[in-house]
Amino acid sequence: MTTDVSHPAETTKVYRVYIRATPQAIWDAITRPEWTRRYGYQGLAEYDLRPGGRYRAVAPEELRQAGMVEVPVEGEVLEVDPPVRLVQTWRATWLDEPATRLTYEIQELRDGVCSLTVTHELAGAPQTMAQVTGAVPGAGGGWAEVLSDLKTLLETGRGLYA
Amino acid sequence: MIDDDRVFKALADPTRRALLDRLFVRDGQTLTELESGVEMTRFGVMKHLRVLEEAGLVVTRRQGREKLHFLNPVPIRQIHDRWIDKYTEVRAAALLDLKAELERDRAEENQ
C-alpha cells in the first residue's frame, strides 16, 4: 500500500479565537497598519484589498534597526469579502519556500462575540510551518501567540506586551 | 465564548490529552483515524472529541465527505499569556530546559 505523503490536512493548521468585538473591528485589526503594529509581530500590513492586489507586511523602523528585513512577508490577495472573509497567499521572504495560502474567517455569534478562524495551508513549506506554529526557538509563538495578543488588544485596548 | 473552566476540564482526562497529542503529531485527522489508536468505542471517542471541540481545543473542518479534526492551541496560549509575561517566559523556558536535562541525565544513569 502506498501512502499519500501530500495529504493536505497534515500541512494545514487551523486556529480559532473568540473575541468580544464587532466583525468590522476584527477586520480592521487584520488589514490596517495602525492596528497590526500593536500586536503579534508588529509588521505594518499593506493591503490592496481586491483579488490580485498586493499584500506586504513591513517591519516597523525599530525592528528594522534590530536587523529585521524590510518586508518579512509578502503575498497576493485572492478573495475579499469584508468584514467576514479574506483569502491571500503568504510567503516568508527570508525563507526559500513557496507561497502558502491563508484564510481569515470572521463569524458573528451572539452577545457581541465573534469567532475568528485562521486557516494556514502550508504544503511544501516546512520551515514556514515551523515559524507560524511557534516551533522555532526564540522566534515567537506563531499564530497562537498572535491571536491571543489580538484578542487582548481588542478587548482591553492594550496588547499583551504593550 | 470559551472559558478557562472548559479548557481545564477538557485537559483533565488522559484520553483527551492522548487525542490532542495525536493531532499534534499529525493534524487534520478523521474520526476513523483517531479511533484506531485508542482502546475505546467510536461513540466514546466521539464524546471526547465533542468535549475538546466545546473547549475550543479542537476545530473541525469539512473536506469533501470527511470531517477533519485540527488541534487549536490558542486556548492553551491564552492560559499561558494570562499568567506568564514575556520576561518570566524566558526564565520559565530556562527552567524547563534544566528539568529536561536533569531528567535525561537520570535516564542515562538508570540505563
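Residue numbers (the working numbering), protein chains in the order written: chain A, 1 to 162; chain D, 163 to 273. No residue lacks a Cβ here, since even glycine has one placed at the ideal position from N, Cα and C. Fair warning: this is a prediction, and the values are worked out from it, not measured in the lab.
- With a threshold of 16 other beta carbon atoms within 10 Å, residue 272 of chain D falls short and is exposed.
- Straight-line spacing of the CA atoms in residue 54 of chain A and residue 31 of chain A works out to 12 angstroms.
- Close partners of residue 16 of chain A in chain D (Cβ separation under 7 angstroms): 218, 221, 234 and 236.
- Here residue 69 of chain A has 59, 93 and 94 as same chain residues with Cβ atoms under 8 angstroms from its own Cβ, once five neighbours each way along the sequence are excluded.
- Nearest to residue 80 of chain A by C-alpha distance, out of A:102, A:135, A:51 and A:44, is A:51.
- By the neighbour-count criterion, in which 16 or more other beta carbons inside 10 Å mark a residue as buried, residue 237 of chain D falls on the buried side.
- Residue 186 of chain D is classed as exposed because its beta carbon has fewer than 16 other beta carbons within 10 Å across all chains shown.
- Per DSSP, reduced to three states, the secondary structure at residue 178 of chain D is helical.
- Following the DSSP letters along the chain, one finds residue 24 of chain A inside the alpha helix (DSSP H) bounded by residues 23-31.
- For residue 63 of chain A, the nearest beta carbon of chain D is not closer than 8 angstroms to its own beta carbon.
- Counting only runs of at least 3 residues, the region 173-247 of chain D fully encloses the following beta strand (DSSP E) elements, listed from N- to C-terminal order: 220-225 and 228-233.
- Under the Cβ distance rule, residue 22 of chain A does not count among the residues neighbouring chain D, no pair being separated by less than 8 angstroms.
- Contact with chain D is found for residue 12 of chain A, since one of that chain's Cβ atoms lies less than 8 angstroms from the residue's Cβ.
- Contact between the region 193-204 of chain D and the region 136-143 of chain A is absent: fewer than three C-beta pairs spanning the two stretches fall below 8 angstroms.
- Around the beta carbon of residue 205 of chain D, fewer than 16 other beta carbons sit within 10 angstroms, so the residue counts as exposed.
- Residue environment: residue 20 of chain A is assigned as exposed (fewer than 16 neighbouring CB atoms within 10 Å of its CB, all protein chains considered).
- Residues of chain D whose Cβ lies closer than 8 angstroms to the Cβ of residue 141 of chain A are, in chain order, 239.
- A direct Cα-Cα distance of roughly 11 angstroms separates residue 135 of chain A from residue 126 of chain A.
- When A:147, A:84, A:88 and A:34 are compared, the shortest CA-CA separation from residue 22 of chain A is found for A:84.
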